[in-house]
Amino acid sequence: MTIAVCPGSYDPVTAGHLDVIERCARFFDEVHVVVAVNAAKTPMFPETTRVEIIRRAIAKDGYDNITVSSTDGLITDYCKRVGATVIVKGLRQNGDYEAELGMALVNRKLAGIETLFLPADPVLEHVSSSIVKDVARHGGDVTGMVPDCVIPLLGDALAAERERTDR
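Note that this note's numbering has the sequence shown beginning at 854, numbered continuously upward.
Quick look at the structure:
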């Protein structure tokens, strides 16, 4: 059985993330989508919300070989714990490759875990969590960039953000 891990901050999960996850689920027996918690970052959504959003977004597609969880430790430790032999990362543009290559080499050195780079669907390569949040903050429509279940949550999170800023 081949187990893959798709790590990311998923803040929020985008249509591009889901494309990579669903394609990955066709290649591997088991896929773990792992919300990586980074103490140095302040995410818009709490860890549990990000996990739940991904679960809801993939539930409609009937993938029974996908597990969604989170970790605040090294991804390689998570991989060892679940028996994963590969990390799958989606790449949008050249900058993604440069940023991800160093991590891939470290992961191989730390745990012998290989990284597979999966190119983004060209229709979605412009979509990132940062772009989604920026568009939404400025009142733009993010329909099609994120799963439908994210849109109201994004509105709520931005309203709470504005309320904190107005104080």
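For glycine and all other residues, C-beta sits at the position ideal for the given N, C-alpha and C. A quick note: this is a predicted structure, and the numbers were derived from the prediction, not measured.
Checklist entry - Just checking my contact of I874 with I919 at CB under 8 Å: how many whole Å lie between their CB atoms? => result 7 Å
Checklist entry - Hey, would you say V887 sits closer than 8 Å to Y931, going by beta carbons? => result yes
Next on the checklist: Comparing C-alpha positions only, which one of A868, T924 and L927 sits nearest to I907?
Outcome noted: Taking I907 as reference, the option from A868, T924 and L927 with the minimal CA-CA separation is A868.
Checklist entry - Would you call V860 buried or exposed, if buried means 16 or more other Cβ atoms sit within 10 Å of its Cβ? => result Residue 860 is actually Pro in this sequence, not Val. With 16 or more Cβ atoms within 10 Å of its Cβ, P860 is classed as buried.
Checklist entry - What does a CB cutoff of less than 6 Å around P1000 pick up in its chain, not counting 5 residues either side in sequence? => result A910
Next on the checklist: Per the DSSP calculation, A889 is bridged to which residue(s)?
Outcome noted: T924
Item to check | Rounded distance between the beta-carbons of F898 and A1010, thought under 8 Å | outcome: 6 Å
Checklist entry - Based on Cα-Cα distance, which residue from D925, T938 and G1008 lies nearest to A989? => result G1008
Next on the checklist: Run through the DSSP bridge pairs and tell me what E953 is partnered with.
Outcome noted: DSSP links E953 through a beta bridge to no other residue.
Next on the checklist: Let me check understanding here. Comparing Cα to Cα, which of A893, Q946, E1014 and V939 lies closest to F880?
Outcome noted: V939
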